[in-house]
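Asker: Pasting a structure below so you can have a look.
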Amino acid sequence: MEEKKAKFRLLDFKVEHSHFDIDTNNIKEGDIDYSIEVGRQNGINEEKRIFRLGLMVNIKDANNAVNISVEIAGFFEFDSDLDNQAKNNFFMINAPAILFPHVRAYVSALTALSGLKPIILPTINFSAHKNKDD
360 MEEKKAKFRL
370 LDFKVEHSHF
380 DIDTNNIKEG
390 DIDYSIEVGR
400 QNGINEEKRI
410 FRLGLMVNIK
420 DANNAVNISV
430 EIAGFFEFDS
440 DLDNQAKNNF
450 FMINAPAILF
460 PHVRAYVSAL
470 TALSGLKPII
480 LPTINFSAHK
490 NKDD
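Residues 360 to 493 (my numbering) make up the sequence shown, in order.
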(Lines of atoms letter the chains of each structure in order from A and count residues from 1; the text may use other names and numbers.)
(Lines give C-alpha, C1' and ligand atoms only; values in the text may rest on other atoms or scores of the structure.)
Protein backbone atom coordinates (compact mmCIF):
# COMPACT_ATOMS: atom_id res chain seq x y z
CA MET A 1 0.00 0.00 0.00
CA GLU A 2 1.34 3.41 -0.99
CA GLU A 3 1.93 5.88 1.85
CA LYS A 4 -0.12 9.03 1.39
CA LYS A 5 1.81 12.24 2.07
CA ALA A 6 0.24 15.36 3.47
CA LYS A 7 -0.01 18.29 1.07
CA PHE A 8 1.92 20.43 3.54
CA ARG A 9 4.78 19.09 5.68
CA LEU A 10 7.31 20.37 8.21
CA LEU A 11 10.77 19.52 6.89
CA ASP A 12 12.93 21.12 9.58
CA PHE A 13 13.12 23.94 12.09
CA LYS A 14 15.97 25.96 13.55
CA VAL A 15 16.18 28.24 16.57
CA GLU A 16 17.89 31.20 14.91
CA HIS A 17 18.03 33.57 17.87
CA SER A 18 17.61 33.08 21.59
CA HIS A 19 18.00 35.70 24.30
CA PHE A 20 17.68 34.73 27.95
CA ASP A 21 18.03 37.31 30.70
CA ILE A 22 16.54 36.69 34.14
CA ASP A 23 17.04 38.58 37.39
CA THR A 24 16.13 35.84 39.87
CA ASN A 25 15.94 38.31 42.77
CA ASN A 26 13.04 40.27 41.24
CA ILE A 27 10.82 37.58 39.69
CA LYS A 28 7.22 37.64 40.92
CA GLU A 29 4.86 34.70 40.37
CA GLY A 30 2.17 35.25 37.76
CA ASP A 31 3.61 38.41 36.19
CA ILE A 32 4.77 36.81 32.93
CA ASP A 33 3.41 38.17 29.65
CA TYR A 34 4.26 37.15 26.09
CA SER A 35 3.81 38.28 22.51
CA ILE A 36 4.08 36.39 19.24
CA GLU A 37 5.10 37.78 15.89
CA VAL A 38 4.26 35.51 12.97
CA GLY A 39 5.79 36.01 9.57
CA ARG A 40 9.30 37.25 10.23
CA GLN A 41 11.37 36.88 7.07
CA ASN A 42 8.93 34.55 5.36
CA GLY A 43 9.84 33.21 1.98
CA ILE A 44 8.35 30.98 -0.68
CA ASN A 45 10.36 29.07 -3.26
CA GLU A 46 7.68 27.92 -5.72
CA GLU A 47 10.16 25.98 -7.83
CA LYS A 48 11.37 23.83 -4.92
CA ARG A 49 7.94 24.07 -3.19
CA ILE A 50 9.51 25.24 0.09
CA PHE A 51 8.01 27.77 2.48
CA ARG A 52 10.00 29.40 5.29
CA LEU A 53 8.10 30.78 8.28
CA GLY A 54 9.72 32.93 10.94
CA LEU A 55 8.16 33.07 14.38
CA MET A 56 9.31 35.38 17.19
CA VAL A 57 8.17 34.98 20.79
CA ASN A 58 8.96 37.58 23.44
CA ILE A 59 8.41 36.90 27.13
CA LYS A 60 8.64 39.59 29.81
CA ASP A 61 7.32 40.41 33.23
CA ALA A 62 6.19 43.67 34.83
CA ASN A 63 9.48 44.09 36.76
CA ASN A 64 11.69 43.47 33.73
CA ALA A 65 13.17 40.59 35.71
CA VAL A 66 12.31 38.17 32.89
CA ASN A 67 13.36 38.96 29.34
CA ILE A 68 13.33 36.03 26.93
CA SER A 69 13.08 36.14 23.17
CA VAL A 70 13.19 33.21 20.79
CA GLU A 71 13.18 33.39 17.02
CA ILE A 72 12.56 30.14 15.19
CA ALA A 73 12.37 29.35 11.48
CA GLY A 74 10.32 26.48 10.14
CA PHE A 75 10.84 25.02 6.69
CA PHE A 76 7.79 23.45 5.08
CA GLU A 77 7.29 21.55 1.85
CA PHE A 78 4.02 21.88 -0.06
CA ASP A 79 2.50 20.11 -3.03
CA SER A 80 2.41 21.88 -6.39
CA ASP A 81 -1.36 21.38 -6.80
CA LEU A 82 -2.33 23.64 -3.87
CA ASP A 83 -4.41 26.66 -4.82
CA ASN A 84 -3.60 30.10 -3.40
CA GLN A 85 -6.33 29.94 -0.72
CA ALA A 86 -5.05 26.58 0.56
CA LYS A 87 -1.48 27.89 0.54
CA ASN A 88 -2.52 30.97 2.50
CA ASN A 89 -4.25 28.81 5.13
CA PHE A 90 -1.30 26.45 5.38
CA PHE A 91 1.24 29.27 5.53
CA MET A 92 -0.50 31.57 8.00
CA ILE A 93 -2.54 29.15 10.17
CA ASN A 94 -1.13 25.63 9.97
CA ALA A 95 2.58 26.53 9.82
CA PRO A 96 2.53 28.66 13.01
CA ALA A 97 0.39 26.04 14.75
CA ILE A 98 2.93 23.35 13.86
CA LEU A 99 5.94 25.48 14.80
CA PHE A 100 4.70 27.03 18.07
CA PRO A 101 4.88 23.82 20.19
CA HIS A 102 8.61 23.69 19.44
CA VAL A 103 8.99 27.20 20.89
CA ARG A 104 6.87 26.24 23.93
CA ALA A 105 9.08 23.20 24.60
CA TYR A 106 12.26 25.23 24.09
CA VAL A 107 11.19 27.94 26.56
CA SER A 108 10.04 25.37 29.14
CA ALA A 109 13.29 23.41 28.90
CA LEU A 110 15.45 26.55 28.91
CA THR A 111 13.85 27.91 32.08
CA ALA A 112 13.68 24.53 33.85
CA LEU A 113 17.31 23.71 33.07
CA SER A 114 18.31 27.12 34.44
CA GLY A 115 17.06 26.18 37.90
CA LEU A 116 13.89 28.24 37.63
CA LYS A 117 10.24 27.30 37.75
CA PRO A 118 9.52 26.42 34.10
CA ILE A 119 7.71 29.00 32.04
CA ILE A 120 5.01 27.14 30.14
CA LEU A 121 3.40 29.18 27.40
CA PRO A 122 -0.27 28.44 26.74
CA THR A 123 -1.45 26.67 23.62
CA ILE A 124 -2.77 28.97 20.91
CA ASN A 125 -5.58 28.50 18.41
CA PHE A 126 -4.08 30.17 15.34
CA SER A 127 -7.34 29.64 13.40
CA ALA A 128 -9.19 31.83 15.90
CA HIS A 129 -6.51 34.53 15.63
CA LYS A 130 -6.67 34.44 11.82
CA ASN A 131 -10.46 34.77 11.82
CA LYS A 132 -10.28 37.80 14.15
CA ASP A 133 -7.85 39.50 11.76
CA ASP A 134 -10.00 38.97 8.65
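Every residue, glycine too, gets a C-beta built ideally from N, C-alpha and C.
What you are looking at is a predicted structure, and each value in this text was computed from that prediction instead of being measured.
(1) Determine, using beta-carbon pairs with one atom in the segment 366-381 and one in the segment 424-432, whether at least three such pairs fall under 8 angstroms.
(2) Apart from the five residues on each side of it in sequence, which residues of its chain come closer than 7 angstroms, Cβ to Cβ, to K446?
(3) Quick one: grab the DSSP three-state call for A464.
(4) Would you identify the three-state DSSP class for L469, choosing helix, strand or coil?
(5) Does the separation of the CB atoms of V416 and P455 fall below 8 angstroms?
(6) Out of E388, I409, A468, L472, which one is the CA nearest neighbour of E367?
(7) Using the beta-carbon count (16 or more within 10 Å), is L412 buried or exposed?
(8) Distance check for V466 and N385, CA to CA, integer angstroms please.
(9) Check for me: the beta strand (DSSP E) holding N404 runs from which residue to which?
(10) Thinking D392 and K419 are a contact (beta carbons under 8 angstroms), I'd like their distance in whole angstroms, please.
Answerer: Put simply:
(1) Yes: at least three Cβ pairs fall under 8 angstroms.
(2) Close CB contacts of K446 within its chain, under the 7 angstroms cut and outside five residues either way in sequence, are with F437 (chain order).
(3) Looking at A464 - three-state DSSP - the assignment turns out to be helix.
(4) Assignment of L469 by DSSP, reduced to helix, strand and coil, places it in the helix class.
(5) Cβ atoms of V416 and P455: not closer than 8 angstroms.
(6) The sequence as given places Phe at residue 367; Glu does not occur at that position. With respect to the C-alpha of F367, the residue from E388, I409, A468, L472 having the closest C-alpha is I409.
(7) Here L412 is buried: its Cβ has 16 or more other Cβ atoms, across all protein chains shown, within 10 Å.
(8) Going from the Cα of N385 to the Cα of V466 covers about 19 angstroms.
(9) Run containing N404: 402-404, per the beta strand (DSSP E) assignment.
(10) About 6 angstroms; that satisfies the 8 angstroms criterion.
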